[in-house]
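In the numbering used here, the protein residues as written are 27 to 616.
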């Protein structure tokens, strides 16, 4: 059989070559007409809508054809309602305005009859003609969308989902709180929530108003931790009537900002500026010319100040200084500057020099001349001789209330004996990073010591460094088992913080003896036992039992600490599974 085909016009050839169907165009037109009629009659009475519905279908359709089409459509809708895809859509839309079964089924019916990929269609939103692809998205009313409108709709959906998601604390914030020893139980306090909200909106704040000093310090800590303390936000903390300034991270401040601090706040008596890398000679000169009444001065990383201006500062303000804390100075601040300091700061009660690279033996001799010193903290980089150190301690020990010596690797048991014989007022003792003092020296220090029990002890990294002999020599070097027992017998009743990390010669038996059944350390809140390979779940549990006030236990590189049950409100930092839950509610395991 042969089919007779009529002649093709140029338009017919064009439509065929571009895959445009005249029938499809007619169907689209009829669909739009029906949709417009439905929208026009949506607000009319139900009986009129039903009456018109009988005549709304294709023009020229007979009553029999209409009935047949409706029966076929009803059967198709019923089949769709039995499908799994229908059930999934119904579950997703439960509670929404368009969760009617017929609406969902008709949408799915239309999706099945929508144009095939490669055909042309009008975008539901912008009415632009586009080519249908397998990735064309469906619009809110069931039509197809062009690529541009599809992207805009997807972006809007993504933003709305982000808004619906409630506030949550991620693992990073949990770990940050954990390292700070914070284990949050319940909601934050109202003050803390307000302080963080202020930090969140710091760009919209013009001034803090009359806030108490404690809250100002807390805001400075939050701003510093978030790295948002800049030249603009600094103005929030500058109030002429205040006599203190605490900036915990001044890394983003410029030299003129430090000028502004001393210009706006002439009544300053306490200055605490850390990471202050842009303090230069002219800032110090401005401080000298202003005749400030600074009594407590703490500067960190002020490496651009020369020795000449350090000395001028001490010559001008030294007589009024009561507390001086300087740290991380590698460019200047040598022995001669320390001698100028000690010569002019005759009323100094607290001195802290940490990581000042240029100070050495002569500085120790100069510090020994300070008559009123009560708090001394030294952390040296240069190796110093033992004799000047002993001379300094012999002179200053009777009046010292806190003592911190770090990095004095050449110190031996003579220093411990001197502390035992001379010190009678100490409440804090830090002696770390030493490889010569023996365990017997620590035993002698804490046995029959006339000094009251200590509140803070840090003896970390006092151990033998011979890696070829991990068990150490026959006579233990550094704080070992007997010295640890003697320490806890002397100060265990009042200790609040104890750091014995890297004291690797303390045995398991010593830990079991110290934290045995019936022994209690009522004040101990923070304990660092990092790098003790004997530490395990059992010993950590005994620590929890013996220390009812414990809040933070640090156990880095304690690989046998795996599944210990942590009491509520206690932060366990480290351990093999520290990256999992922060707190496991329940009593400590025995």
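Glycine is no exception: its CB is placed at the ideal position from the N, C-alpha and C atoms. Note that the coordinates shown come from a computational prediction; the quantities given were computed from them, not determined experimentally.
{"Check": "Same chain, Cβ closer than 6 Å to residue 303, five either side skipped, listed in chain order", "Outcome": "327"}
{"Check": "DSSP three-state assignment for residue 228, whether helix, strand or coil", "Outcome": "helix"}
{"Check": "Buried versus exposed call for residue 519 [16 or more other C-beta atoms within 10 Å across all chains shown]", "Outcome": "exposed"}
{"Check": "Selected residue, minimal CA-CA separation from residue 271, among 114, 456, 388, 284", "Outcome": "284"}
{"Check": "Under the three-state DSSP convention, the category residue 254 falls into", "Outcome": "coil"}
{"Check": "Minimum C-alpha distance to residue 276 - residue among 246, 290, 583", "Outcome": "246"}
{"Check": "Three-way DSSP call (helix, strand, coil) for residue 524 in this model", "Outcome": "strand"}
{"Check": "Contact under 7 Å by Cβ, residue 352 with residue 390", "Outcome": "no"}
{"Check": "Straight-line gap, residue 83 to residue 173 (C-alpha atoms, nearest Å)", "Outcome": "With a pLDDT of only 45 at residue 83, under 50, the local geometry of the prediction cannot be trusted, and the value read off the model is given with reservation. Rounded to whole angstroms, residue 83 to residue 173 spans 32 Å at the Cα level."}
{"Check": "Residue 171 to residue 88 span [Cα, whole Å]", "Outcome": "34 Å"}
{"Check": "Test item: CB-CB of residue 464 and residue 448 under 7 Å", "Outcome": "no"}
{"Check": "Nearest residue (CA-CA) to residue 109, options 94, 441, 95, 131", "Outcome": "131"}
{"Check": "Proximity to residue 383 [Cα-Cα], best of 395, 365, 398, 405", "Outcome": "405"}
{"Check": "Between the CA atoms of residue 90 and residue 115 - distance to the nearest angstrom", "Outcome": "34 Å"}
{"Check": "Every unbroken beta strand (DSSP E) within the region 359 to 434, with a cutoff of 3 residues, ordered by chain", "Outcome": "376 to 382, 401 to 405, 428 to 432"}
{"Check": "Residues bridged to residue 635 (per DSSP)", "Outcome": "In the structure as shown, the chain starts at 27 and stops at 616, and residue 635 therefore has no counterpart that could be examined."}
{"Check": "Those runs of the alpha helix (DSSP H) which lie wholly inside the region 494 to 541 and span at least 4 residues", "Outcome": "507 to 517, 534 to 540"}
{"Check": "With 16 other Cβ atoms within 10 Å as the buried cut-off, status of residue 79", "Outcome": "Confidence at residue 79 is low in this model, with a pLDDT of 43, below 50, so the placement of that residue should be treated as unreliable; the coordinate-derived value is given next. The residue in question, residue 79, is exposed, as its Cβ has fewer than 16 Cβ neighbours within 10 Å."}
{"Check": "Coil, strand or helix - residue 578 by DSSP", "Outcome": "strand"}
{"Check": "In DSSP terms, what residue 484 is bridged to", "Outcome": "456, 525"}
{"Check": "Contact between the region 558 to 570 and the region 530 to 548 (3+ Cβ pairs under 8 Å)", "Outcome": "yes"}
{"Check": "Start-to-end residues for the alpha helix (DSSP H) that takes in residue 101", "Outcome": "89 to 107"}
{"Check": "Alpha carbon of residue 431 to alpha carbon of residue 229, nearest angstrom", "Outcome": "43 Å"}
{"Check": "Whole-Å CB distance - residue 269 paired with residue 296, under 8 Å assumed", "Outcome": "7 Å"}
{"Check": "Integer-rounded CB distance, given that residue 486 should sit under 8 Å from residue 526", "Outcome": "6 Å"}
{"Check": "Residue 260 to residue 321 span [Cα, whole Å]", "Outcome": "22 Å"}
{"Check": "Straight-line gap, residue 433 to residue 488 (C-alpha atoms, nearest Å)", "Outcome": "10 Å"}
{"Check": "Where residue 133 falls: helix, strand or coil (DSSP)", "Outcome": "helix"}
{"Check": "Segments assigned alpha helix (DSSP H), at least 4 residues, entirely inside the region 266 to 313", "Outcome": "281 to 290"}
{"Check": "Integer-rounded CB distance, given that residue 524 should sit under 8 Å from residue 505", "Outcome": "Their Cβ separation, rounded to whole angstroms, is 11 Å, which puts residue 505 and residue 524 out of contact at 8 Å."}
{"Check": "Reference residue 336, options 348, 444, 317, 306, closest by Cα", "Outcome": "306"}
{"Check": "Spatial distance of residue 455 from residue 570 (CA atoms)", "Outcome": "24 Å"}
{"Check": "Residues of its chain near residue 479, where Cβ-Cβ distance is below 8 Å and the 5 sequence neighbours each way are ignored", "Outcome": "516, 517, 518, 519, 520, 521"}
{"Check": "C-alpha distance - residue 315 paired with residue 220, whole-angstrom precision", "Outcome": "39 Å"}
{"Check": "Residue 600 burial status per 10 Å Cβ neighbour count (16 or more: buried)", "Outcome": "buried"}
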